[in-house]
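Going by the UniProt record's numbering, the residue at position 57 of the sequence shown is 57; the numbering climbs one at a time, nothing skipped.
Where a beta carbon is used, it is the ideal one built from N, C-alpha and C, also for glycine.
The structure appears right after this line, and notes come after that.
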Amino acid sequence: MYVTRALSEYRKNPSELKKPPPEGPNSGVLVIQDEESLTTCCFGLCNETLFRGLPFPQNAALTVIHNYGSHRDNVRRDPAVFIPVLGLPLSSNRYYTYERCGYYSRYDYLPMNFLSDMKY
Numbered sequence: 001m002y003v004t005r006a007l008s009e010y011r012k013n014p015s016e017l018k019k020p021p022p023e024g025p026n027s028g029v030l031v032i033q034d035e036e037s038l039t040t041c042c043f044g045l046c047n048e049t050l051f052r053g054l055p056f057p058q059n060a061a062l063t064v065i066h067n068y069g070s071h072r073d074n075v076r077r078d079p080a081v082f083i084p085v086l087g088l089p090l091s092s093n094r095y096y097t098y099e100r101c102g103y104y105s106r107y108d109y110l111p112m113n114f115l116s117d118m119k120y
């Protein structure tokens with residue numbers, strides 16, 4: 001069973017990452033990106049689309065970018081979802097990785113209200 005927490009809580013208090021997940025078998029923490037945790041660019045006119053650092057939010061449309069080739073001139077983009085491993089604190093940085101597929105998987109960044117309104 002997962003409990004949700006806001007990403008802004010972990011950015012304010014990084015020591016919270018080391019806390020164990022809630023009591024009970026197969027429990028974990030899902031991190032949700034909220035309005036406070038969004039970083040801006042262009043003097044606050046738009047949100048930054050690159051996400052740096054852990055933990056990864058589970059409601060963000062993330063894309064893994066891999067440069068390869070002799071001059072690292074080839075780029076491969078894979079849309080992915082990162083789900084924390086059950087029973088481990090977020091500071092362990094262990095995730096199950098799934099490839100996103102479907103109509104909306106090609107978008108690297110979707111507005112927060114669009115993601116929360118999607119039906120699964």
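Leu50, buried or exposed, once every other Cβ within 10 Å from all chains shown has been counted against 16: exposed
Three or more C-beta pairs below 8 angstroms linking the stretch 36-48 and the stretch 60-74: no
Beta-bridge partners of Tyr98, as assigned by DSSP: Val81
Alpha carbon of Arg5 to alpha carbon of Ser70, nearest angstrom: 42 angstroms
Cross-strand partners of Thr63 (DSSP beta bridge): Pro79
Tyr10 versus Leu88, Tyr98, Leu30 and Gly44, residue with shortest Cα-Cα distance: Leu30
Host beta strand (DSSP E) of Leu30 (start-end): Gly28 to Ile32
Counterpart residues of Thr40 in DSSP-defined beta bridges: Asn47
The alpha helix (DSSP H) enclosing Arg11, as first and last residue numbers: Leu7 to Lys12
Rounded separation between Ile32 and Leu7 - CA only: 6 angstroms
Cβ shell of Gly28 (< 6 angstroms), same chain only, five flanking positions each side left out: Tyr2, Pro21, Pro84 and Leu86
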